[in-house]
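Everything below concerns the one structure shown next.
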Amino acid sequence: MPEDAPPRPAPESDQLRIAGMVPLSTVDWPGHLAASLFLQGCPLACPYCHNWEILDMRSPGQVAFSQLRQLLSQRRGLLDGVVFSGGEPLAQPAATSAMREVHELGFAVGLHTSGAFPQRLTVFLAQTDWVGYDIKALPEGYALAAGNKHAGERAWEGLEILIAVAAKRAGSERPLDYEVRHTTFPGAPKEEALAVARRLHELGVQSFALQQANLKTARPGGLDQVSAQQWNERVRETNEQIAALGFEQYNFRPAH
């Protein structure tokens, strides 16, 4: 490059605000070994959120994207891919450039999203191989389950987009797999989880997971206090009811 040539602009991926990185995860992408990025910012305020300290959209990141580049250069053949989690990854448009770069380095891309920005979802899905999609409640239940009464319609709209894109890519060289997850928590209507699962089954969702909120890591003061025995019995009953619906793939993830 000539000495008087202007410096190259930094990649857009360097603008990504990353709150944390896990170099190796066996749980964030079922069946895969992945590095996980936790991106700063989320428009929701779920009472059971275990990442509540990184929700502020204005906070800077703590991990430079260059650290992921370095990690991937050392983990070729050892990692299957990178999961973009949060927070809410769709809150940061720069994440699509970061995903593209991960693909160019030879790794697959996973995405955890609550569908809070459905207008951006199609762009993100173009760079994604697998999605863990969070449905917090029925549309009318998002004020309680996510602290945002308007988020329900957006989340279910995003789910329809995901289902359509996955169907379009089925049988292609790069199919899009996904799992829909729902987290049940103390204070939610008793039949909420079952009602959500039924609606998802009617929509043709094949892979579903029921997750039990972890009372130990939830936002301070966010959850009703219940006895462990009472809570576990209720969740166990719900698990049995959902298992009977007949999803092609169903997972129950108890709190630890």
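Using the working numbering, the first residue of the sequence shown is number 13, and each one after it goes up by one. No residue lacks a Cβ here, since even glycine has one placed at the ideal position from N, Cα and C. None of these values were measured; they are calculated from a predicted model.
| Query | Result |
| --- | --- |
| Where I66 sits in the DSSP three-state scheme | helix |
| Which of helix, strand or coil DSSP assigns to M13 | Confidence is the limiting factor: at M13 the pLDDT is only 48, short of 50, which leaves the residue's position unreliable, though a coordinate-based value still follows. Coil at M13, not helix or strand. |
| Identity of the residues DSSP links to Y8 by a beta bridge | Missing from the structure shown is residue 8; the chain here goes from 13 to 268 and no further. |
| Selected residue, minimal CA-CA separation from E203, among Y145, H162 and Q253 | Q253 |
| Cβ contact check for the segment 211-220 and the segment 254-261: 3 or more pairs under 8 Å | yes |
| Unbroken alpha helix (DSSP H) run spanning N244, endpoints | A240 to A255 |
| Nonlocal neighbours in the same chain, by C-beta distance under 6 Å from R181, ignoring five residues either side | P187 and L188 |
| Whether L90 touches A47 by CB criterion (8 Å) | no |
| Where the beta strand (DSSP E) through L36 begins and ends | I30 to S37 |
| Cβ pair P23, N160 closer than 8 Å | no |
| Where the alpha helix (DSSP H) containing Q82 begins and where it ends | F77 to Q86 |
| Secondary structure of R265, DSSP reduced to three states | strand |
| Closest by C-alpha distance to I147, when choosing among L28, R166 and Q74 | R166 |
| At least 3 beta-carbon pairs within less than 8 Å: the segment 132-148 vs the segment 61-73 | no |
| Backbone CA spacing between R88 and A163 [nearest angstrom] | 38 Å |
| Integer-rounded CB distance, given that T108 should sit under 8 Å from Q139 | 6 Å |
| Boundaries of the alpha helix (DSSP H) in which G93 is found, first to last residue | G93 -> not in any alpha helix (DSSP H); beta strand (DSSP E) instead, spanning G93 to S97. |
| Same chain, Cβ closer than 6 Å to A158, neighbours up to 5 away in sequence not counted | L56, C58 and K148 |
| Local Cβ density within 10 Å of D236, reported as buried at 16 or more and exposed below that | exposed |
| Own chain residues within Cβ distance below 7 Å of H115, not counting five before or after | V121 and Q139 |
| Residue(s) in a DSSP beta bridge with G122 | V95 and W142 |
| Endpoints, beta strand (DSSP E) assigned at F136 | Note, F136: premise wrong, no beta strand (DSSP E); alpha helix (DSSP H) at P130 to L137. |
| Cβ neighbours of G170 in the same chain (closer than 7 Å, five flanking residues each side left out) | G127, P130 and L133 |
| Coil, strand or helix - Q223 by DSSP | strand |
| 7 Å Cβ shell around R112 - same chain, five flanking residues per side excluded | Q139 |
| D92 to Q82 span [Cα, whole Å] | 16 Å |
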